[in-house]
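In my numbering, the protein residues as written are 139 to 391.
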């Protein structure tokens with residue numbers, strides 16, 4: 139029995155030896171939840187190569203909450219033009235999904251709800267729900283987004299002909315290459331297929347560079363554009379799908 143007895147000093151040293159490795163391991167475990175936010179000022183809001191702000195400046199911002207399992211939720215918004223999107227003053231996006239490791243890559247699947255308060259295409263809402271899946275490997279991302287309802291209000295009621303646009307899809311490839319510390323080259327190519335309304339389908343591109351600064355600041359500049367039908371995408375004299383330059387100042391918290 140005496141062999142099991144410990145003086146206070148010996149007991150303290152023994153407990154310290156047992157708990158130190160546990161504490162070291164605990165420090166390497168990521169937090170259960172991670173919250174991030176951002177705010178940005180852009181020379182214009184461009185979505186898939188098309189200017190949603192009628193080539194005017196836009197204020198943007200978002201908030202993301204991620205779980206260490208890979209699940210995440212987020213909200214993002216931008217000012218838009220009521221000319222480019224009839225009656226709209228803002229776009230609010232709600233999204234959620236999960237990122238899972240697959241070998242050396244990750245797979246990201248989720249849902250994205252586009253919401254445009256009070257905005258309508260004819261009698262139909264612009265609001266659109268998409269499901270998406272992306273594969274990320276090294277500096278390359280391949281992503282496909284698929285509408286679960288009409289594509290931004292495109293249907294017989296809003297356009298006066300055709301059917302619905304359910305099942306429209308957007309396929310894109312993105313490359314983000316950090317060629318110098320704090321500098322990233324951004325390359326993008328995509329194709330939007332509008333189901334039932336092929337004349338509105340188009341391909342788009344974006345080439346840009348991003349510079350990161352201390353304090354979460356980021357400055358980017360890019361050239362973007364589409365091959366969209368000029369007659370269909372010209373609104374009040376502005377070809378919203380034409381080639382354009384975009385500048386953005388962003389801060390993440």
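Where a beta carbon is used, it is the ideal one built from N, C-alpha and C, also for glycine.
Can you look up residue i in the DSSP assignment and give me helix, strand or coil?
i: residue 288; result: coil
i: residue 331; result: strand
i: residue 297; result: helix
i: residue 166; result: helix
i: residue 189; result: strand
i: residue 274; result: strand
i: residue 161; result: Unreliable placement is indicated for residue 161, whose pLDDT of 47 sits below 50; the coordinate value is still reported in the next sentence. If DSSP states are grouped into helix, strand and coil, residue 161 belongs with the helices.
i: residue 254; result: coil
i: residue 245; result: strand
i: residue 182; result: coil
i: residue 207; result: coil
i: residue 408; result: Outside the displayed range of the chain (139 to 391) lies residue 408, so it cannot be described from this structure.
i: residue 223; result: coil
Which one or two residues does DSSP pair with residue i in a beta bridge?
i: residue 259; result: 262
i: residue 174; result: 202
i: residue 215; result: 199, 230
Just to check my reading of the structure: residue i and residue j have Cβ atoms closer than 8 Å, yes? What is that Cβ distance to the nearest angstrom?
i: residue 306; j: residue 261; result: Wrong, their Cβ atoms sit about 19 Å apart, outside the cutoff.
i: residue 310; j: residue 275; result: Between residue 275 and residue 310 the Cβ distance is about 15 Å, and since that is not below 8 Å, they are no contact.
i: residue 199; j: residue 178; result: 7 Å
i: residue 312; j: residue 360; result: Actually they do not touch by this definition, with Cβ atoms about 12 Å apart.
i: residue 258; j: residue 225; result: 6 Å
i: residue 329; j: residue 341; result: 5 Å
i: residue 187; j: residue 379; result: 6 Å
i: residue 236; j: residue 382; result: That pair is no contact at about 34 Å.
i: residue 332; j: residue 303; result: 6 Å
i: residue 354; j: residue 316; result: Not confirmed; about 17 Å, so no contact.
i: residue 269; j: residue 284; result: 5 Å
i: residue 197; j: residue 217; result: 5 Å
At a Cβ threshold of 8 Å, is residue i touching chain C?
i: residue 285; result: No chain C is part of this structure, which consists of one protein chain only.
Continuous alpha helix (DSSP H) assignments of at least 4 residues falling wholly in the segment 358-390: 368-371
Segment contact, 8 Å Cβ cut-off, at least three pairs: the segment 328-341 with the segment 193-204: no
Three CB pairs or more closer than 8 Å across the segment 242-250 and the segment 216-226: no
The segment 250-259 in contact with the segment 223-241 per 3-pair CB rule at 8 Å: yes
Entirely enclosed alpha helix (DSSP H) segments - the segment 302-353, minimum 4 residues: none
Three or more C-beta pairs below 8 Å linking the segment 168-179 and the segment 200-218: yes
Stretch-stretch touch, CB-based, cutoff 8 Å, three pairs: the segment 318-329 with the segment 286-296: no
Given 8 Å, three or more beta-carbon pairs between the segment 354-368 and the segment 379-388: yes
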